[in-house]
Amino acid sequence: MKSDIEIAQGAKMQPIVNIAEKLGLNEDDIELYGKYKCKISLDVMDKTSKKDGKLVLVTAINPTPAGEGKSTVTVGLSQALCRLNKNSVVAMREPSLGPVFGVKGGAAGGGYAQVVPMEDINLHFTGDMHAITTANNLLSAAIDNHIHQGNQLRIDARRILFKRVMDMNDRALRQVVVGMGGKPNGFLREDGFMITVASEIMAILCLAKDLKDLKERMGNILVAYNLDGEPVYAKDIQVQGAMALLMKDAIKPNLVQTLENTPAIIHGGPFANIAHGCNSIIATKMALKLGDIVVTEAGFGADLGAEKFFDIKCRYAGLNPDCVVLVATIRALKHHGGASKADLSAENLECLSKGLDNLGKHIENVNKYGVPLVVAINRFLSDTEEEIKLIENYCKEKNVKVALSDVWAKGGEGGIELANEVINILDNEVSDFKVLYKVEDKVTDKITKIAQEIYGARGVNFTPQAINQIKELERINCDELPICMAKTQYSLSDNPNLLGKASNFDITVREVRVSKGAGFIVVLTGDIMTMPGLPKVPAANRMDILDDGEIVGLF
Numbered sequence: 000m001k002s003d004i005e006i007a008q009g010a011k012m013q014p015i016v017n018i019a020e021k022l023g024l025n026e027d028d029i030e031l032y033g034k035y036k037c038k039i040s041l042d043v044m045d046k047t048s049k050k051d052g053k054l055v056l057v058t059a060i061n062p063t064p065a066g067e068g069k070s071t072v073t074v075g076l077s078q079a080l081c082r083l084n085k086n087s088v089v090a091m092r093e094p095s096l097g098p099v100f101g102v103k104g105g106a107a108g109g110g111y112a113q114v115v116p117m118e119d120i121n122l123h124f125t126g127d128m129h130a131i132t133t134a135n136n137l138l139s140a141a142i143d144n145h146i147h148q149g150n151q152l153r154i155d156a157r158r159i160l161f162k163r164v165m166d167m168n169d170r171a172l173r174q175v176v177v178g179m180g181g182k183p184n185g186f187l188r189e190d191g192f193m194i195t196v197a198s199e200i201m202a203i204l205c206l207a208k209d210l211k212d213l214k215e216r217m218g219n220i221l222v223a224y225n226l227d228g229e230p231v232y233a234k235d236i237q238v239q240g241a242m243a244l245l246m247k248d249a250i251k252p253n254l255v256q257t258l259e260n261t262p263a264i265i266h267g268g269p270f271a272n273i274a275h276g277c278n279s280i281i282a283t284k285m286a287l288k289l290g291d292i293v294v295t296e297a298g299f300g301a302d303l304g305a306e307k308f309f310d311i312k313c314r315y316a317g318l319n320p321d322c323v324v325l326v327a328t329i330r331a332l333k334h335h336g337g338a339s340k341a342d343l344s345a346e347n348l349e350c351l352s353k354g355l356d357n358l359g360k361h362i363e364n365v366n367k368y369g370v371p372l373v374v375a376i377n378r379f380l381s382d383t384e385e386e387i388k389l390i391e392n393y394c395k396e397k398n399v400k401v402a403l404s405d406v407w408a409k410g411g412e413g414g415i416e417l418a419n420e421v422i423n424i425l426d427n428e429v430s431d432f433k434v435l436y437k438v439e440d441k442v443t444d445k446i447t448k449i450a451q452e453i454y455g456a457r458g459v460n461f462t463p464q465a466i467n468q469i470k471e472l473e474r475i476n477c478d479e480l481p482i483c484m485a486k487t488q489y490s491l492s493d494n495p496n497l498l499g500k501a502s503n504f505d506i507t508v509r510e511v512r513v514s515k516g517a518g519f520i521v522v523l524t525g526d527i528m529t530m531p532g533l534p535k536v537p538a539a540n541r542m543d544i545l546d547d548g549e550i551v552g553l554f
């Protein structure tokens, strides 16, 4: 069996100008980054009067070490739609180097359902991550410089909220001290790093409408409080223009292709367990103008990625999703039902039956938003006919469409059954999309509604710190914003060990902070961290580049 990178390296890619032509783009509409990558000019949005295509969201059950293959199904479904003569476009997020070199892997799909050139996409790509990192750290440098140069704004160095970032898993940088070495090096203070994909700059890139909106949102970042307890924003530091300048290319969506030469727009990459987990609004809207069926994805399980896609991204962008594909694997469901990782390849109808509660809760959650749904069983070689039949019967009892997906092994051909179900929904069902809550609701009420209705929690415990922070948001008029929950992806609860459909649990909110520029309130639960660490044996240990330049070990 070939590895993902071996399959990708054997791909017959078309020049990216040919892929652009499929979307009606000419050489004036794109900026080449070599032969197989390009950026799409923002002017394209003003040139086309085409009616928007249909929007399909791919989400999943809670992830387990067994893997769900959400990105793989996203790519494979779009390939299958193209095989059925549909003008389909993939709209995905960019991978982060943290998970690439850590443990999770990239976000380029797998097997015969990948976006290529895979090595480029998973590594430096077109430099968007570096631009985001640099813009973020320019603001951090400007804050410390302002204090060093006289502190006209009277910034309270004890209440600086904005952190530095880097696109790597590095636990040693979670808590740092800056300004050491005496007077020439500024004022001594505690600081910390987040991973780039958790930064507010990343969220702003993905939620901005255009360059003007991007710059305005950057200026609205709450960076600190002054000695009088009043908020200080990035625009007070007067670097939002320079930050936007650094993002002038990063704001343009990237165009690549799948293994079957289906157009793929990849742009932005916020994590869904600590950020809002969706690709950019610009990329999605551009894809809707260029294609007839856009297949996009939201990170991790539907309790995180899909909820934020609906309640944050769709709310701001005015998007109305037409169909949801909920990905599940038999292996992962068995794990949710109590099977150990070592035994997931063996048939176990008892554990599978118990694990179906997790799938059932996600079905229930999607139904709350009024969007038609199909469950995709992402097939693994170890799946048995009896196990497949058990899931199919479960879905039929719930009156939910279900289809087998074998795109990892067969590419678009293996997604035909799923594609036909999606087409049937798009042709015959009408989405009645609605958001879960009103932004005008109290912060505590919005958090409680998500916890109870989406996670199934009994209630919410707010720490004294969180209560005070919510009161502060109300004081500075930053409370009427959507909620971005930072929560473990492995469980419906805030405890990663509570698998399946957890019950009789409370969510603990330990910290509440505002991303005013992005336009949402970040709520930290459990022990979720905004800077991951590397595992005992990082994926980087098996990667190498040979003397002839060939990359090996990258998945």
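In terms of numbering that gives the first Met the number 0, the sequence shown has 254 at position 255, counting the first letter as 1, and numbering is strictly consecutive. For glycine and all other residues, C-beta sits at the position ideal for the given N, C-alpha and C.
Remark: C-beta atoms of alanine 249 and alanine 130 approach each other more closely than 7 Å.
Contact between the region 459-466 and the region 328-335 is absent: fewer than 3 CB-CB pairs across the two stretches fall below 8 Å.
Counting only runs that start and end inside the region 419-478, the beta strand (DSSP E) elements of at least 3 residues fall at 458-461. Counting along the chain, the unbroken alpha helix (DSSP H) around arginine 216 starts and ends at 210-218. Secondary structure note for arginine 330: its alpha helix (DSSP H) is the uninterrupted segment 329-335. DSSP links phenylalanine 519 through a beta bridge to Ser514.
Assigned with DSSP and collapsed to three states, proline 14 falls in coil, not helix or strand. Contact between isoleucine 159 and alanine 223 holds: CB atoms are separated by about 4 Å, below the 8 Å threshold. A distance of 7 Å or more separates the beta carbons of leucine 343 and isoleucine 376. Residue environment: serine 381 is assigned as exposed (fewer than 16 neighbouring CB atoms within 10 Å of its CB, all protein chains considered).
DSSP lists Arg163 as the bridge partner or partners of phenylalanine 192.
Secondary structure at alanine 345: coil, using DSSP grouped into helix, strand and coil. Here the C-alpha atom of methionine 167 lies approximately 33 Å from the C-alpha atom of valine 365. Distances from the alpha-carbon of valine 74 to those of Gln148, Ile292, Asp45 and Asp51 put Ile292 closest.
Counting other Cβ atoms within 10 Å of its Cβ, glutamine 239 reaches 16 or more and is therefore classed as buried. One thing to note: leucine 80 has its Cβ no nearer than 7 Å to the Cβ of serine 70. Taking the Cα positions, histidine 123 is about 45 Å away from glutamate 349. Per DSSP, reduced to three states, the secondary structure at methionine 528 is coil, with no helix or strand assignment.
Of the residues Met528, Ile544, Cys37 and Phe554, the one whose Cα lies closest to the Cα of proline 537 is Phe554. By the Cβ criterion, the region 148-157 is not in contact with the region 266-280, since fewer than three pairs of Cβ atoms, one from each stretch, lie closer than 8 Å. Of the candidates Ile203, Ala327, Met217 and Lys251, Ile203 places its Cα closest to the Cα of isoleucine 311. DSSP lists Ile265 as the bridge partner or partners of methionine 91. When C-beta atoms of the region 520-527 are compared with those of the region 483-497, three or more pairs fall below 8 Å, so the two segments count as touching.
For valine 43, the enclosing alpha helix (DSSP H) has its first and last residue at 43-46.
Within the same chain, Cβ atoms closer than 7 Å to the Cβ of glycine 23 are found at Leu289, the five residues on either side in sequence being excluded. The region 495-508 makes no contact with the region 538-552, as fewer than three CB pairs between them are under 8 Å. Nearest Cα to methionine 91 within the set Asn319, His275 and His266: His266. Alanine 141 and methionine 179 have their alpha carbons spaced roughly 17 Å apart. Distances from the alpha-carbon of proline 531 to those of Ile194, Asp143 and Asn84 put Ile194 closest. Across the structure, cysteine 477 and leucine 137 are spaced so that their CA atoms are roughly 24 Å apart. Between glycine 516 and isoleucine 220, the gap from beta carbon to beta carbon is short of 7 Å. In this structure, DSSP gives aspartate 291 a state outside helix and strand, which the three-state scheme calls coil. When rounded, the separation of the alpha-carbon atoms in aspartate 212 and serine 279 is 13 Å. Assignment of alpha helix (DSSP H) within the region 224-258, counting only whole runs of 4 or more residues, yields 233-236 and 239-245 in chain order. For alanine 7, the enclosing alpha helix (DSSP H) stretches over residues 3-8. Taking glutamine 174 as the centre and dropping the five residues before and after it, the same chain places the C-beta of Gly191 closer than 6 Å to its C-beta, in chain order.
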